[in-house]
Amino acid sequence: MRLKCRERLQASVTLPFNEANEEHMLLLSTIWSQAFPWRSFELPSERWKEAGFQGRDPRTDLRGTGVISLRHLQSFLSTRKDELAGVLPAESSSDPLRAFPLSIASINVSAMLLSHLQLAPHLTIAFLPNGGRKTEASAATLAGFLSMGQPPTEGSTEAVQEGGAAAIDVELGDEAQLAARIARLEYVLAAMHERLLMHLAATWGTMLREDPQLTIMSFPVALKSTFGELIRSLERTAADALGAVRPWQLHVLLDTLEDAATRAKGSDSDGWEAFLLAPSLHTFGALLLNFCACGCGASRAAAVAPATHIVQIKKRE
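With the first letter of the sequence shown counted as 1, position 19 gets the number 18 in numbering that gives the first Met the number 0; the numbers rise by one all the way through.
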C-alpha cells in the first residue's frame, strides 16, 4: 500500500497545468479575484506581474511545479495573506528591489517540498548544492511522511479535529482508502507549504530590517534558511514518533513549523501596515526571472534557464 500510495501521490502532485481543465482555470481566476477583486479576469495581463508572477501569463511560471503550486498559492491567499502584515516592513512593498515576491516565493516553497520529499523526480533546486539531490529526504523520513496519510487513530488530536474520519476510512474499499490517503497527504503538503511560506516571509522581513541596503539579490539566503527549517522540522517530528515505530502525528509537524515561522518574525512588529500584493513587482519582472523560475523543457527557449535561477527542471541522468 505504501509504494502504491507514493506512486499515486507523485502522479497527482506532478500534474502539469492544463488550460483545457476547468478546475485549473478556476484556480487562476480565483487567485485573480483575490488579488484584484474589482477587475474582471484577464489572461494574459500586465497585472499578473503585480501579483508577483514573472510575466503577463502566470502559466509560464508553472512549468516546473505544475498545478499543485497553484493550489498551494490559492490556499495561502485564502487563509494567511493578511498575516504578511505582521512579518514584512510596510515600506518594502513600495521598493521593487526589496518587496517580497509572494507568488514566486510560494512556487519555490512548493518546489522545495516536492524535491526534498522525492515527489517530483526531475525537479532540481538551483540554490542548493547539486540541485538539492544530496539533501533529499531519507527513506525513513519518506516513510514517516507517507504514514501521515493513514487515518488518525481514535482519540488522537487529528481524530478529534477531523470528527470521526478514522472510523469512516476503514469502511472504505482499497481504492477508496488509497484515494483518501492521497487526499490527506495533499492536505499535509498544503499545510506544510502554508507554514514554510510564512517562515520565508518572516525571514525575509527580518533580513530587510537588519540591512537597509538588502535587495532581492539576497533572496536565496532566505530560501536556504526556510529549506533548513523544513529539514529540522521533519527530524523533530521523526524523533517524536520514535523514528518509524509509530505513524507521524500531523499536529506535531505543523506545530513545529508554526513555531519556526513565529521565531523568524523577530520581536519588533509594531507600526507595520497591511501588506497585500506588492504592485511595484511589475517593475522588476526581468530581475525576478533570473532568480525564481521553473522550467520543464516544454520548448527549447523555456528549457534554457540562467544559472542564477532558484528552481529549474532538469532530466536526471
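Cβ atoms here follow ideal geometry from the backbone N, Cα and C, with glycine treated the same way.
Computed from a prediction, not measured in an experiment: that's the story for all the values here.
Where does N20 land, buried or exposed, given buried means 16+ other C-beta within 10 angstroms?
-> exposed
By Cβ distance, which residues of its chain are closer than 6 Å to L184, with the 5 residues on each side in sequence left out?
-> L8, G148
Report the option in Q248, L26, L253 whose CA atom is closest to the CA atom of S146.
-> Q248
Do you know whose CA, among H121, Q33, T64, lies nearest D81's CA?
-> That would be Q33, whose Cα lies nearest to the Cα of D81.
Helix, strand or coil at E174 according to DSSP, with G and I counted as helix = helix
Span of the beta strand (DSSP E) holding I215?
-> Unbroken run through I215: none, as it is neither H nor E.
How would you call N320, buried or exposed, if buried means at least 16 neighbouring beta carbons within 10 angstroms?
-> There is simply no residue 320 to check, as the chain begins at 0 and stops at 316 in what is shown.
What number of angstroms, rounded off, separates the C-alpha of G65 from the C-alpha of P15?
-> 4 Å
Out of L26, A138, L72, T202, which has the shortest C-alpha to C-alpha gap to A259?
-> T202
Alpha-carbon to alpha-carbon, I103 and E193 | 14 Å
Going straight from the alpha carbon of L87 to that of A175, what length do you get?
-> 43 Å
Between the beta-carbon of L118 and the beta-carbon of L127, is there less than 9 Å?
-> No, the pair does not count as a contact, with Cβ atoms beyond the cut-off.
By Cβ distance, which residues of its chain are closer than 8 Å to T214, with the 5 residues on each side in sequence left out?
-> L96, R97
What is the rounded straight-line gap between the Cα of S91 and the Cα of A178?
-> 43 Å
From D239 to R38, what distance separates their C-alpha atoms?
-> Going from the Cα of D239 to the Cα of R38 covers about 48 Å.
Assign R58 to buried or exposed, taking buried as 16 or more other Cβ atoms, counted over all protein chains shown, within 10 Å of its Cβ.
-> buried
Pick out whichever of S77, A190, A200, V12 has its Cα sitting closest to the Cα of T261.
-> In this structure, A200 is the residue among S77, A190, A200, V12 with its C-alpha nearest to the C-alpha of T261.
Looking at the structure shown, is L122 part of a helix, part of a strand, or coil, going by DSSP?
-> strand
DSSP-derived helix/strand/coil call for P95 = DSSP places P95 in coil when its eight states are reduced to three.
So, are the CB atoms of T140 and L116 less than 9 Å apart?
-> yes
If you drop the 5 nearest sequence neighbours on each side, which residues of the same chain put their C-beta closer than 8 Å to that of R1?
-> Only residues of its own chain outside the window of five on either side were considered, and among them A142, L145 have a CB closer than 8 Å to the CB of R1, listed in chain order.
Going by alpha carbons, who is nearest to K264 out of L83, L26, V12, L233?
-> L83
Nearest residue (CA-CA) to A221, options L196, P43, D254, W47 | Nearest option by C-alpha distance: L196.
Status (buried if at least 16 other CB within 10 Å, exposed otherwise) for M191 = buried
How about L69 and L101: do their beta carbons lie closer than 9 Å?
-> Note that the C-beta distance between L69 and L101 is not below 9 Å.
Out of curiosity, what's the CA-to-CA distance linking P43 and F35?
-> 14 Å
Cβ pair A189, S74 closer than 9 Å = yes
Can you list, in chain order, the residues of its chain whose CB lies under 6 Å from that of L256, leaving out five sequence neighbours each side?
-> Leaving aside the five residues that flank L256 on each side, the residues in its chain whose CB is nearer than 6 Å to its CB run, in chain order, R194, S232.
Can you tell me the Cβ-Cβ gap for S114 and L72, rounded? I've got them flagged as a contact below 8 Å.
-> At roughly 17 Å, the Cβ-Cβ gap does not stay under 8 Å, so S114 and L72 are not in contact.
Within 9 Å, strictly: CB atoms of H198 and T225 = yes
Could you confirm whether any beta carbon from chain C is found closer than 9 Å to the beta carbon of N20?
-> The structure shown contains no chain C; it is built from a single protein chain.
Which residue's Cα is closest to the Cα of H250: Y186, G227, R46, M206?
-> Y186
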